[in-house]
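S.K.:
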Amino acid sequence: KAGVTQTPRYLIKTRGQQVTLSCSPISGHRSVSWYQQTPGQGLQFLFEYFSETQRNKGNFPGRFSGRQFSNSRSEMNVSTLELGDSALYLCASSLFTGRDTEAFFGQGTRLTVV
Amino acid sequence: QKEVEQNSGPLSVPEGAIASLNCTYSDRGSQSFFWYRQYSGKSPELIMFIYSNGDKEDGRFTAQLNKASQYVSLLIRDSQPSDSATYLCAVKDQGGKLIFGQGTELSVKP
Numbered sequence: 018k019a020g021v022t023q024t025p026r027y028l029i030k031t032r033g034q035q036v037t038l039s040c041s042p043i044s045g046h047r048s049v050s051w052y053q054q055t056p057g058q059g060l061q062f063l064f065e066y067f068s069e070t071q072r073n074k075g076n077f078p079g080r081f082s083g084r085q086f087s088n089s090r091s092e093m094n095v096s097t098l099e100l101g102d103s104a105l106y107l108c109a110s111s112l113f114t115g116r117d118t119e120a121f122f123g124q125g126t127r128l129t130v131v
Numbered sequence: 002q003k004e005v006e007q008n009s010g011p012l013s014v015p016e017g018a019i020a021s022l023n024c025t026y027s028d029r030g031s032q033s034f035f036w037y038r039q040y041s042g043k044s045p046e047l048i049m050f051i052y053s054n055g056d057k058e059d060g061r062f063t064a065q066l067n068k069a070s071q072y073v074s075l076l077i078r079d080s081q082p083s084d085s086a087t088y089l090c091a092v093k094d095q096g097g098k099l100i101f102g103q104g105t106e107l108s109v110k111p
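If you're matching them up, the sequences are chains A and B in order. Numbering-wise, our numbering puts 30 at position 13 of the first sequence, and it's gapless, one number per residue. Numbering-wise, our numbering puts 85 at position 84 of the second sequence, and it's gapless, one number per residue.
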């Protein structure tokens with residue numbers, strides 16, 4: 018059974034540009050969550066999508082947005098990139114949303130903003 | 002006060018010893034608790050989850066949950082050098098968001 022697939026693995030962008038990251042969850046999983054990981058702040062929750070609807074949102078500015086498609090694949094977009102957006106962006110896949118469900122992470126996308 | 006707190010470490014234990022990792026959380030309504038292992042440069046890997054008070058064992062790993070004290074722990078028996086990693090405690094809040102602690106770095110010395 019394939020795991021969570023994130024593309025691309027590495028990305029270098031310039032300040033002010035925008036970027037789109039992609040996540041394909043484990044087959045049959047309908048919930049996708051996105052996290053930002055930095056050395057200083059650790060893993061921080063961005064948002065969760067379930068059945069194409071945003072179910073939860075973290076405390077990030079509106080420059081960070083996402084969406085989920087009917088096949089459960091999800092994309093995350095960051096507009097007007099800032100240097101501080103440099104981080105590892107992780108996607109986690111769950112069978113469904115709710116408290117008693119485990120989340121499995123993809124390998125992440127390492128974004129560097131220069 | 003941070004929502005999920007862990008000692009950052011590093012925690013150093015000799016090979017074969019028991020490693021004890023601790024985590025406290027602030028949301029009394031939290032119901033689900035998870036431990037992830039993250040090797041340097043890799044993504045987090047789920048190793049244990051626990052929903053009920055008490056202990057849950059899986060091989061060399063035991064998760065312990067005390068909801069009254071808002072405390073979760075992970076014990077690793079017969080620690081191996083390959084267990085050296087950062088261990089992340091995660092708590093699912095009442096809204097369903099998974100909140101992570103900063104992680105505890107574990108070093109197992111041969």
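Positions of the beta carbon are idealized from the N, C-alpha and C atoms, including for glycine.
Going by DSSP, what residue range makes up the beta strand (DSSP E) through residue 106 of chain B?
M.R.: 105 to 110
S.K.: Tell me the rounded alpha-carbon separation between residue 64 of chain B and residue 33 of chain A.
M.R.: C-alpha separation (whole angstroms): 45 angstroms.
S.K.: May I ask you to report which of helix, strand or coil DSSP gives residue 15 of chain B?
M.R.: It is a strand residue.
S.K.: Assuming contact is defined by CB atoms lying nearer than 8 angstroms, are residue 93 of chain B and residue 32 of chain B in contact in what I supplied?
M.R.: yes
S.K.: Under 8 angstroms, do residue 44 of chain A and residue 90 of chain A count as touching if we go by C-beta distance?
M.R.: no
S.K.: When burial is assigned at 16 or more other CB atoms within 10 Å of the CB, is residue 65 of chain A buried or exposed?
M.R.: With 16 or more other Cβ atoms within 10 Å, it is buried.
S.K.: Comparing alpha-carbon positions, which option in A:22, A:19, A:30, A:20 lies nearest residue 100 of chain A?
M.R.: A:30
S.K.: With distance defined between alpha-carbon atoms, name the residue in A:110, A:72, A:117 nearest to residue 44 of chain B.
M.R.: A:110
S.K.: My output table needs one value for residue 56 of chain B: the three-state DSSP class, helix, strand or coil.
M.R.: strand
S.K.: Going by DSSP, name the residue or residues bridged to residue 66 of chain A.
M.R.: A:49, A:71
S.K.: By the 8 angstroms beta-carbon criterion, what residues does the region 33 to 51 of chain A contribute toward chain B?
M.R.: 50
S.K.: If we count Cβ pairs, one from each stretch, closer than 8 angstroms, do we get three or more for the region 7 to 24 of chain B versus the region 77 to 90 of chain A?
M.R.: no
S.K.: Counting only runs that start and end within the region 72 to 106 of chain B, where is the beta strand (DSSP E) found for 3 or more residues in a row?
M.R.: 72 to 77, 86 to 93, 99 to 101
S.K.: Can you list the residues of chain B that residue 77 of chain A reaches, using a CB-CB cut of under 8 angstroms?
M.R.: Within chain B, no residue comes near residue 77 of chain A; the closest Cβ sits about 12 angstroms away, beyond 8 angstroms.
S.K.: Between the Cα of residue 109 of chain B and the Cα atoms of B:90, B:73, B:49, B:83, which residue gives the shortest distance?
M.R.: Selection B:90, B:73, B:49, B:83 evaluated against residue 109 of chain B yields B:83 as nearest (Cα-Cα).
S.K.: Between the region 89 to 118 of chain A and chain B, which residues of the former have CB atoms less than 7 angstroms from a CB of the latter, in chain order?
M.R.: Residues of the region 89 to 118 of chain A with a Cβ closer than 7 angstroms to any Cβ of chain B, in chain order: 107, 114, 115, 116, 117.
S.K.: Verify the CB distance criterion: does residue 60 of chain A have a CB-CB separation below 8 angstroms to chain B?
M.R.: yes
S.K.: Ignore the nearest five residues each way along the sequence and tell me which others in residue 56 of chain A's own chain have a CB closer than 6 angstroms to its CB.
M.R.: none
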